[in-house]
Amino acid sequence: MERLDKHILKNGMVVLGEPMEAVGSVAFDFMLPAGAARLPQGCCGAGSVIVDWIFRGAGDKNTRELSDALDGLGLHRSGSVGSSHITIGAVLEAGNLAEAIKLYADVILRAGLKDEQFELAKQLAIDGVLALDDDPRHKVMLKLREKFYPSPLGRSTLGEIAELKTLTTEKTKQIINDDFNLPQTIFAVAGKYDFDAVVAQMESLFSNAKNGSQQDVAIVQNKPGYTHLHNDGAQVHIGLMTETVKPTDEDYYNARVAVSVLSGGMSARLFTEVREKRGLCYAIRASYHSLKEAAGIACYAGTTPDKSQETLDVITAEFNRLADGISEDEIERAKVGLKSALVLQSESSASRAGGIGGDYYILGRVRSLEEIKNKIEQTTVDSVLEFLRRERFEDFTVVTIGPKEVKVK
Amino acid sequence: MEFKKKILANGLAVIGEVNKSAKSAAVGFFVKTGSRDETNQINGVSHFLEHMLFKGTEKLSTFEVSEAFDRAGAEFNAFTSEENTVFYAAILPEYLVEVTKLWTELMRPALRNEDFDIEKNVIKEEIAMYKDLPNFDVMDRCRTLHFDGHPCGNSVLGSEESITNLTAEQMRDYFAGRYAPNNMTAAVAGNFDWEQISSIVESACEKWQKQPASRKLEDSQGSKKKERIEKSNLAREHICLMSPAVAAHDQRRFAATLLATIVGDSVGSKFFWELVDKALAEAAVMQFGAMDGTGIFCSYISCCSENVSKVLDTVKGIFENLAGSGVTKEEMKTAKNKILSALVIKNELPMGRLIDLGFNWTYLQQYRTVEEDISAIKAVTIDDVHSLIKQFNLGDFTQVSIGPVQAS
């Protein structure tokens with residue numbers, strides 16, 4: 063039975079920890095509530111600028127000194143912008159944890175935010191969006207989320223060129239001030255650490271910092287529909303998404319098992335029908351994707367233009383057919399696959415830090431591996447089918463990028 | 458950690474590293490064959506064959522194979538490179554026996570004509586997919602131009618044409634020659650019982666016949682040619698630079714890894730400070746690729762068309778500066794820290810460990826503990842890196858760029 067450490071700092075920031083016996087590494091994440099959906103109108107892409115800019119010097123260190131200090135700890139940095147959060151974190155050898163947290167506190171509370179560095183960070187963010195045109199596989203899924211999720215929840219995490227171009231240092235500093243809101247920030251650590259020491263250090267680094275002031279986000283629903291972006295590439299890249307229950311819903315595990323029947327392994331339906339029987343694609347997969355406010359099943363397939371229509375038709379038929387019946391064997395394989403993926407991921411400190419932080423944000427608590435295993439175990443053919451018949455997979459948001467359009471029925 | 462090995466009479470190496478504190482295990486087969494072992498006529502066969510191994514045996518249909526892996530909750534896959542084909546699975550210890558048995562069966566596939574014909578479409582789709590990934594495409598083309606006739610330049614995927622013309626008969630011949638037990642290694646890492654697993658492998662594989670499976674080993678100094686390809690649908694310039702380096706069995710490989718990290722790690726490297734930090738390029742990385750009998754330093758850069766000459770001048774400046782002034786003690790220290798921690802973190806997972814275990818045996822016929830690799834990295838001196846720079850001039854490279862059509 064694993065242990066979960068939890069402490070709430072005086073300023074309201076949550077500190078979570080999951081100790082892991084077999085590792086010598088430690089991973090941590092700061093989840094700052096400054097994700098793409100929280101940005102003010104007209105600032106799409108500010109997150110990409112911020113996640114770069116704040117590492118360009120902090121505390122008493124300039125860009126170079128900060129980077130050398132982080133590298134000197136043998137630390138592997140991660141930084142990403144999501145719908146709800148900017149997450150910055152690292153994985154490193156356990157002995158250097160305190161030193162690393164100190165540097166990250168500087169980055170969050172005392173970033174240099176120099177004007178000339180802003181222009182470089184902004185240019186790189188613009189380049190990142192432009193480079194997306196050469197990566198249609200990635201672009202189609204970003205576009206899909208934008209079209210599927212209620213606005214602004216699916217807003218591009220990379221940004222929009224026009225809005226990035228008009229972004230100023232003042233505006234961006236304001237966003238950092240408002241959205242690096244510590245009472246809403248989650249700190250998660252997993253691996254080898256001493257929780258009392260981590261808490262004492264976090265308390266002394268963050269307790270006196272001032273809080274931001276965040277506005278609630280107004281949400282507008284999107285309607286399912288079809289979007290095509292022309293590109294003279296070799297393949298048509300198809301992204302398709304349909305609504306399903308959120309992680310807080312009691313049917314959550316039925317939904318996860320259903321997706322696994324569709325696309326959990328090589329014997330799952332999409333791989334078998336689209337690739338193995340018909341040879342339509344190399345890449346075909348569907349997975350569960352959720353935000354706190356909404357969730358869906360996202361599917362990707364890449365195929366040459368003359369096969370794109372058949373590919374889409376076979377995929378949607380498989381989604382539709384799922385409620386008609388599922389065998390005991392299929393459910394059993396789906397359950398074993400989900401349970402074993404859970405245990406395999408639990409060996410990595412980085413994936414555990416991400417896991418406990420994400421759970422806390424979405425559910426307000428961290429599920430134990432045991433709880434998740436039991437819930438998966440409790441699903442049955444009947445429970446999954448009963449769920450699918452109530453919540454049919456039938457309205458699709460579809461995005462394609464490539465030389466040819468498809469017909470969406 | 459405890460290392461175990463058993464070399465069967467037919468030459469199959471069975472190796473394992475037992476770690477009783479792991480929650481999972483990983484098992485795989487490492488076959489010493491890849492695109493460099495192909496002729497032009499059958500180019501792409503190694504990779505195509507890798508796909509065909511999942512299509513079943515005389516006793517198992519394609520679907521039964523997929524079902525068997527999924528029933529065990531295995532995270533399994535395979536990959537093919539210029540010189541290796543690797544099949545692997547990460548699983549919970551209680552499923553290791555059945556997944557090990559399954560792999561041993563799959564290593565003797567049916568290679569049925571009808572499966573071959575359907576899978577040919579999938580391979581062509583994979584070739585099309587990589588055409589839409591210019592960062593992969595440019596490296597593939599650069600490798601071909603760099604090795605310029607040397608077999609290491611053979612494309613792993615093959616071409617639309619070579620795949621169309623390939624026959625199932627040619628694949629069966631290739632299989633018979635290359636998937637010989639003496640050209641393969643079975644490896645296991647993580648939480649498992651060595652006696653049990655090794656005897657499963659032994660009884661399943663001992664009847665396989667030994668075959669002469671050799672490989673021509675020649676070094677290559679690279680063509681140093683330059684080429685640019687235009688594609689109307691591209692937005693950015695994708696540049697690949699390649700130059701010779703030491704081979705996989707060479708003790709200097711640790712110094713080469715350090716040099717590549719100093720020059721082109723994704724953060725904190727020379728490329729990072731001169732190109733990415735200054736927003737001249739959105740990506741600029743260098744890697745050392747150790748191969749059988751040869752090696753490469755390979756850089757990938759992505760930027761806008763207007764910045765190309767400035768970027769290339771900057772890169773030349775970095776290479777010249779390295780040749781003149783070498784690297785600093787600080788750079789050595791930082792690069793060592795980064796490499797050591799990456800090594801430790803990767804090897805915490807049985808799956809990560811399996812790959813190092815298998816490749817060390819394939820290339821060196823040697824078991825190396827993580828600690829030995831750590832010591833080897835620590836022992837590299839600044840003089841080692843400098844003599845490498847002297848011998849392998851980074852500035853003397855083959856170059857391929859793919860980018861948008863330029864106004865003439």
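Chains as they are written, first to last, in the numbering used here: chain E, 63 to 471; chain G, 458 to 865. The beta-carbon is built from N, C-alpha and C at its ideal position, and this holds for glycine as well. Remember, predicted model here, so these are calculated numbers, not experimental data.
Residue i versus residue j - alpha carbon distance
i, j, result
"alanine 535 of chain G", "serine 503 of chain G", "12 Å"
"alanine 736 of chain G", "leucine 135 of chain E", "25 Å"
"valine 488 of chain G", "asparagine 578 of chain G", "24 Å"
"threonine 714 of chain G", "histidine 607 of chain G", "24 Å"
"glycine 216 of chain E", "arginine 825 of chain G", "47 Å"
"alanine 379 of chain E", "aspartate 444 of chain E", "21 Å"
"arginine 672 of chain G", "aspartate 494 of chain G", "7 Å"
"alanine 644 of chain G", "glutamine 627 of chain G", "29 Å"
"phenylalanine 242 of chain E", "glycine 647 of chain G", "41 Å"
"glycine 301 of chain E", "lysine 469 of chain E", "13 Å"
"glutamine 744 of chain G", "lysine 123 of chain E", "29 Å"
"histidine 351 of chain E", "alanine 360 of chain E", "7 Å"
"tyrosine 552 of chain G", "phenylalanine 849 of chain G", "47 Å"
"valine 261 of chain E", "valine 801 of chain G", "26 Å"
"valine 376 of chain E", "glutamate 335 of chain E", "7 Å"
"aspartate 830 of chain G", "arginine 710 of chain G", "11 Å"
"valine 461 of chain E", "aspartate 294 of chain E", "16 Å"
"isoleucine 654 of chain G", "serine 349 of chain E", "34 Å"
Anticipated Cβ contact below 8 Å, residue i with residue j, distance rounded
i, j, result
"alanine 741 of chain G", "glycine 721 of chain G", "7 Å"
"alanine 712 of chain G", "valine 837 of chain G", "5 Å"
"alanine 183 of chain E", "aspartate 114 of chain E", "4 Å"
"serine 269 of chain E", "leucine 71 of chain E", "6 Å"
"aspartate 196 of chain E", "leucine 732 of chain G", "The pair is not a contact, with the Cβ atoms about 18 Å apart (cut-off 8 Å)."
"serine 87 of chain E", "glutamate 805 of chain G", "6 Å"
Run of the beta strand (DSSP E) containing residue i, from where it starts to where it stops
i, result
"lysine 463 of chain G", "459-464"
"alanine 482 of chain G", "482-488"
"glutamine 744 of chain G", "740-747"
"cysteine 697 of chain G", "694-701"
"histidine 299 of chain E", "298-306"
"leucine 877 of chain G", "Outside the displayed span of chain G (458 to 865) sits residue 877 of chain G, for which this structure offers no information."
"arginine 685 of chain G", "683-687"
"cysteine 760 of chain G", "752-760"
"phenylalanine 92 of chain E", "87-94"
"methionine 641 of chain G", "641-647"
"glutamine 277 of chain E", "Run containing glutamine 277 of chain E: none; DSSP gives neither H nor E here."
Enclosing alpha helix (DSSP H) for residue i [first to last residue]
i, result
"glutamate 448 of chain E", "443-452"
"histidine 843 of chain G", "839-848"
"glycine 134 of chain E", "125-134"
"proline 81 of chain E", "Here proline 81 of chain E belongs to no alpha helix (DSSP H); instead the beta strand (DSSP E) covers 76-81."
"asparagine 794 of chain G", "786-803"
"methionine 596 of chain G", "591-604"
"histidine 292 of chain E", "From DSSP, histidine 292 of chain E is part of no alpha helix (DSSP H) but of the beta strand (DSSP E) over 288-292."
Residues near residue i by beta carbon distance below 6 Å, same chain, minus five either side
i, result
"threonine 247 of chain E", "Met75, Leu94"
"alanine 357 of chain E", "Thr306, Lys308"
"valine 857 of chain G", "Val595, Arg598, Cys599, Leu602, Glu684, Cys697"
"isoleucine 753 of chain G", "Met699, Ala702, Gly746"
"phenylalanine 604 of chain G", "Gly610, Ser677"
"isoleucine 424 of chain E", "Pro309, Lys354"
Close-in-space but distant-in-sequence residues of the same chain around residue i (CB under 7 Å, 5 per side omitted)
i, result
"serine 329 of chain E", "Arg395"
"proline 286 of chain E", "Asp457, Phe458, Thr459"
"isoleucine 388 of chain E", "Val323, Val443, Val446, Leu447"
"valine 143 of chain E", "Gly97, Ala98, Gly109, Ser110, Val113, Thr219"
Chain-order list of residues whose beta-carbon lies under 8 Å from that of residue i (same chain, five-residue window excluded)
i, result
"isoleucine 464 of chain G", "Ala470, Val471"
"asparagine 284 of chain E", "Lys209, Phe210, Tyr211, Pro212, Ser213, Gly216, Thr459"
"arginine 337 of chain E", "Cys343, Tyr344, Ile346"
"aspartate 572 of chain G", "Met509, Lys512, Gly513, Thr519"
"phenylalanine 180 of chain E", "Val111, Trp115, Thr231, Thr234"
Exercise. Is there contact here, the stretch 537-556 of chain G with the stretch 631-651 of chain G, by at least three beta-carbon pairs under 8 Å?
Worked result: yes
For this session: Inspect the CB distances between the stretch 677-694 of chain G and the stretch 809-819 of chain G and report whether three or more fall short of 8 Å.
Result: No, they do not touch.
Exercise. Does the stretch 397-407 of chain E touch the stretch 360-376 of chain E, meaning 3 or more C-beta pairs lie closer than 8 Å?
Worked result: no
Exercise. Quick check: the stretch 97-109 of chain E against the stretch 78-89 of chain E, are there 3 or more CB pairs under 8 Å?
Worked result: no
Problem set entry | At least three beta-carbon pairs within less than 8 Å, the stretch 148-161 of chain E to the stretch 189-203 of chain E | no
Exercise. Okay, do the stretch 792-812 of chain G and the stretch 763-774 of chain G touch, 3+ Cβ pairs below 8 Å being the bar?
Worked result: no
Exercise. Between the stretch 178-198 of chain E and the stretch 106-121 of chain E, do three or more beta carbon pairs fall short of 8 Å?
Worked result: Because the criterion of three Cβ pairs below 8 Å is met, the stretch 178-198 of chain E and the stretch 106-121 of chain E touch.
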